[in-house]
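In terms of numbering that gives the first Met the number 0, the sequence shown opens at residue 0 and continues consecutively. Beta carbons: idealized from backbone N, C-alpha and C, even for Gly. Since this is a predicted model, take the numbers as computed values, not measurements.
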Amino acid sequence: MEKTVGHRRTGRHDPAALQRTLAAVRRTGTLVPRGVYRFRSFEEADEWMTRMMARTHVSRSSTTSAASPVR
């Protein structure tokens with residue numbers, strides 16, 4: 000006698016959804032430039048990372064169209 004504990008769902012996994020997600024992530028660019036970075040302290044590294052994240056955010060958030068009204 001066998002006991003079934005759960006059921007594996009098959010056929011519902013959509014590999015195309017994963018591909019679309021990966022393509023969207025790739026289009027956004029990188030958060031920080033590639034490379035090896037050395038810092039004198041954790042505070043210096045944290046400050047640098049914050050600057051890089053802010054720079055990336057500013058470059059990505061310029062999606063307002065030219066036809067938008069000026070406030």
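Cutoff 9 Å: residue i Cβ touching any chain B Cβ
i	result
R54	Among the chains of the structure shown, chain B does not appear; only one protein chain is present.
DSSP three-state assignment for residue i, whether helix, strand or coil
i	result
T3	coil
D45	helix
S32	The question names Ser, but residue 32 in the sequence shown is Pro. Correct three-state label for P32: coil.
R50	helix
H56	helix
R19	helix
Check whether residue i and residue j have beta carbons under 9 Å apart
i	j	result
M78	V31	Since the first residue shown for the chain is 0 and the last is 70, residue 78 is missing from the structure and cannot be characterised.
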